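Trainee: Numbering (UniProt numbering), first residue to last: 1 to 269.
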Amino acid sequence: MHPSLFSPDILAGQQALVGGSTQGIGRAVAEVLAQMGASITLLARNEERLQQIAAELPTPTAQTHDYIVADFVDANVVATRVHDYLNSHPRGFEILINNTGGPAGGPLLAAPAEAFRAAFEQHLVCNQVLAQALVPTMQANQYGRIINIISTSVKQPLPNLGVSNTIRAAVGNWAKTLANEVASSGITVNNVLPGATVTQRHTSLIEQRAVQTGQSTESIEDNLLQLIPVHRFGQPEEIAAAVAFLASPAASYITGINVPVDGGRTGNL
Numbered sequence: 001m002h003p004s005l006f007s008p009d010i011l012a013g014q015q016a017l018v019g020g021s022t023q024g025i026g027r028a029v030a031e032v033l034a035q036m037g038a039s040i041t042l043l044a045r046n047e048e049r050l051q052q053i054a055a056e057l058p059t060p061t062a063q064t065h066d067y068i069v070a071d072f073v074d075a076n077v078v079a080t081r082v083h084d085y086l087n088s089h090p091r092g093f094e095i096l097i098n099n100t101g102g103p104a105g106g107p108l109l110a111a112p113a114e115a116f117r118a119a120f121e122q123h124l125v126c127n128q129v130l131a132q133a134l135v136p137t138m139q140a141n142q143y144g145r146i147i148n149i150i151s152t153s154v155k156q157p158l159p160n161l162g163v164s165n166t167i168r169a170a171v172g173n174w175a176k177t178l179a180n181e182v183a184s185s186g187i188t189v190n191n192v193l194p195g196a197t198v199t200q201r202h203t204s205l206i207e208q209r210a211v212q213t214g215q216s217t218e219s220i221e222d223n224l225l226q227l228i229p230v231h232r233f234g235q236p237e238e239i240a241a242a243v244a245f246l247a248s249p250a251a252s253y254i255t256g257i258n259v260p261v262d263g264g265r266t267g268n269l
């Protein structure tokens, strides 16, 4: 990632709340937004990791970083912790990054009903309570950026990801509806759709598929690479670069859209 593209004055003075930010794409997003001058509040469940990452984030403009401990499996806990934080930090946030780990893989008919309820809570309901907590201040300031990190399955369902395909589509439609509702307040809402990206989830899904099919992980990876025109997997930093642009003032006329970052894999426009 070329440092000149993300100058520390772009987001200087802004506050960003970044979900799922102790690893993978969430951590990469927190790092690039910090490089651009934003003060980052990390949101995840592992306090030890949160402390570590907050201490390691860049501070090019002497900004301060913080964290909130909450597990996305319970939207009520997320809402309570964020409201408590806002009570002591009433300035609020200019940027909200909705991001959390995806549902387990597997065929649709094999998924129990509880898997759908849990995924709906973790993804859509948590996004909703975070937006409800942060949008009023954005509206008062007539400025805000909400970016949801979802999946290319919003545009084209992926094999063996029945629950994920279903919930991701719901989040995509939630985001489009919200984008239309808040656009007149200077708030943009967009979705970044990662393709196959080198993260712990990517590795675990390949390993799970290997167990299910008896194929080697190498064979499964080779088959996946054949579907990607650039013939490689993405890196978290490449997803973060797309998020960084959408979070910047330069993206003020872009709202309500899906941005695939997938090496060309998605088979539609």
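Glycine included, every Cβ here is placed at the ideal spot set by N, Cα and C.
None of the values given here were measured: they were computed from a predicted structure.
1) With three or more beta-carbon pairs closer than 8 Å as the criterion, would you say the region 124-143 touches the region 183-197?
2) Round the Cβ separation of Leu161 and Gly105 to the nearest angstrom and send it over; I've been treating them as touching at under 8 Å.
3) Roughly how many angstroms separate the alpha carbons of Gly144 and Glu94, rounded to a whole number?
4) Cα separation between Ile10 and Ile149?
5) For Asp84, does the count of other Cβ atoms within 10 angstroms reach 16, so buried, or fall short, so exposed?
6) Which same chain residues, not among the five before or five after Leu227, have their C-beta less than 7 Å away from its C-beta?
7) By DSSP, does residue 317 sit in helix, in strand, or in coil?
8) The beta strand (DSSP E) spanning Pro194 covers which residue range?
9) To test your reading of the DSSP string, which unbroken beta strand (DSSP E) runs of 3 or more residues are found completely within the region 45-132?
10) Out of curiosity, what's the CA-to-CA distance linking Pro112 and Ala119?
11) Does DSSP put Gln208 in a helix, in a strand, or in coil?
12) Looking at the strands, I want to know which residues DSSP matches up with Thr197.
13) What are the boundary residues of the alpha helix (DSSP H) that Gln35 is part of?
14) Using only alpha-carbon positions, find the residue among Val129, Leu96, Phe245 that is nearest to Ser39.
15) How would you write the range of the beta strand (DSSP E) that Leu17 sits in, first residue to last?
16) Run through DSSP, which three-state label would Ser39 get?
17) Once the 5 residues before and after Val77 are set aside, which same chain residues still bring their CB inside 7 Å of it?
18) When DSSP labels each residue in this structure, what does Gly214 get in the three-state scheme?
19) Can you give me the Cβ contacts of Ile25 inside the same chain, cut-off strictly under 8 Å, excluding the 5 residues immediately before and after it?
20) Between the region 155-174 and the region 216-230, do at least 3 Cβ pairs fall closer than 8 Å?
21) Roughly how many whole angstroms lie between the Cα atoms of Val154 and Asn268?
22) CA-CA distance, Met36 and Tyr67?
23) Considering just the uninterrupted stretch of the alpha helix (DSSP H) at Gly263, what are its terminal residues?
24) Between which residues of its own chain and Arg81 is the CB-CB distance below 6 Å, once the five residues before and five after are set aside?
25) Please list, in chain order, all residues of the same chain as Pro103 whose beta carbon is under 6 Å from its beta carbon, the five residues on each side excluded.
26) Taking all protein chains shown into account, decide if Glu31 is buried (16 or more other Cβ within 10 angstroms of its Cβ) or exposed.
27) Are His58 and Thr152 touching if we call contact CB-CB under 8 Å?
28) For a quick check, are the C-beta atoms of Val29 and Val243 less than 8 Å apart?
29) With a CB to CB cut of under 6 Å and the five nearest residues on each side skipped, what residues in its chain are close to Cys126?
Mentor: According to the structure data:
1) Three or more beta-carbon pairs separated by less than 8 Å link the region 124-143 to the region 183-197, which places the two stretches in contact.
2) If you number the sequence shown from 1, residue 161 lands on position 161. If you number the sequence shown from 1, residue 105 lands on position 105. For Leu161 against Gly105, the beta-carbon gap comes to about 5 Å, under 8 Å, which counts as contact.
3) Counting from 1 along the sequence shown, the entry for residue 144 is found at position 144. Counting from 1 along the sequence shown, the entry for residue 94 is found at position 94. About 5 Å.
4) The residue you call residue 10 lines up with position 10 of the sequence shown. The residue you call residue 149 lines up with position 149 of the sequence shown. So the two alpha carbons sit approximately 21 Å from each other.
5) Locating residue 84 in the sequence shown gives position 84, where the first residue counts as 1. Counting the other Cβ atoms within 10 Å of the Cβ of Asp84 gives fewer than 16, which makes it exposed.
6) The residue labelled residue 227 in the question sits at position 227 within the sequence shown. Excluding sequence neighbours, Leu227 sits near Arg265.
7) In this structure the chain extends from 1 to 269, so residue 317 is not present and cannot be described.
8) The sequence position of residue 194 within the sequence shown is 194, counting from 1. Counting along the chain, Pro194 sits inside the beta strand (DSSP E) bounded by residues 187-194.
9) 66-69, 95-98, all fully within the region 45-132.
10) The sequence position of residue 112 within the sequence shown is 112, counting from 1. The sequence position of residue 119 within the sequence shown is 119, counting from 1. The alpha-carbon atoms of Pro112 and Ala119 are separated by roughly 11 Å.
11) For the purposes of this step, residue 208 is identified with residue 208 of the sequence shown, where counting begins at 1. Helix, per DSSP.
12) Numbered from its first residue, the sequence shown carries residue 197 at position 197. For Thr197, which the question treats as bridged, DSSP gives the partners Gly234.
13) In the sequence shown, the residue the question calls residue 35 occupies position 35. Residues 24-35.
14) As a position in the sequence shown, residue 39 is number 39, starting the count at 1. The residue among Val129, Leu96, Phe245 with its C-alpha nearest the C-alpha of Ser39 is Leu96.
15) In the sequence shown, counting from the first residue as 1, residue 17 sits at position 17. 15-19 is the span of the beta strand (DSSP E), which, as asked, contains Leu17.
16) Here residue 39 is taken as the residue at index 39 of the sequence shown, counted from 1. In the displayed model, Ser39 falls within a strand according to three-state DSSP.
17) Start at 1 with the first residue of the sequence shown, and residue 77 comes out as number 77. Excluding positions up to five away in sequence, the list reads Ala70, Asp71.
18) In the sequence shown, residue 214 corresponds to position 214, counting from 1. In the structure shown, Gly214 sits in coil (DSSP, three-state: anything other than H, G, I, E or B).
19) If you number the sequence shown from 1, residue 25 lands on position 25. Listed in chain order, the non-local C-beta contacts of Ile25 below 8 Å within the same chain comprise Asn99, Ile149, Pro194, Thr197, Thr199, Pro236, Ile239, Ala240, local neighbours out to five positions each way being set aside.
20) Not touching, per the Cβ criterion.
21) Counting from one through the sequence shown, the residue named residue 154 turns up at place 154. Counting from one through the sequence shown, the residue named residue 268 turns up at place 268. Going by the C-alpha atoms only, they are around 11 Å apart.
22) Residue numbering aside, residue 36 sits at position 36 when the sequence shown is read from its first letter. Residue numbering aside, residue 67 sits at position 67 when the sequence shown is read from its first letter. Answer to the nearest angstrom: the Cα atoms are 18 Å apart.
23) Start at 1 with the first residue of the sequence shown, and residue 263 comes out as number 263. Element bounds for Gly263: n/a, residue is neither H nor E.
24) The residue you call residue 81 lines up with position 81 of the sequence shown. Closer than 6 Å at Cβ, skipping near neighbours: Ile68, Ala70.
25) For the purposes of this step, residue 103 is identified with residue 103 of the sequence shown, where counting begins at 1. Contacts found: Ala119, Val163, Ser164.
26) As a working note, residue 31 is residue 31 in the sequence shown. Glu31 counts as buried, since at least 16 other C-beta atoms from the protein chains shown sit within 10 angstroms of its C-beta.
27) Start at 1 with the first residue of the sequence shown, and residue 58 comes out as number 58. Start at 1 with the first residue of the sequence shown, and residue 152 comes out as number 152. In the sequence as presented, His is not what sits at residue 58; that position holds Pro. No.
28) Reading the sequence shown from its first residue, position 29 is the one you call residue 29. Reading the sequence shown from its first residue, position 243 is the one you call residue 243. It is a contact, given that the beta carbons lie within the stated cut-off.
29) Position 126 of the sequence shown, counted from the first residue, corresponds to residue 126. Only Phe72, Ala75, Val78 meet the Cβ criterion.
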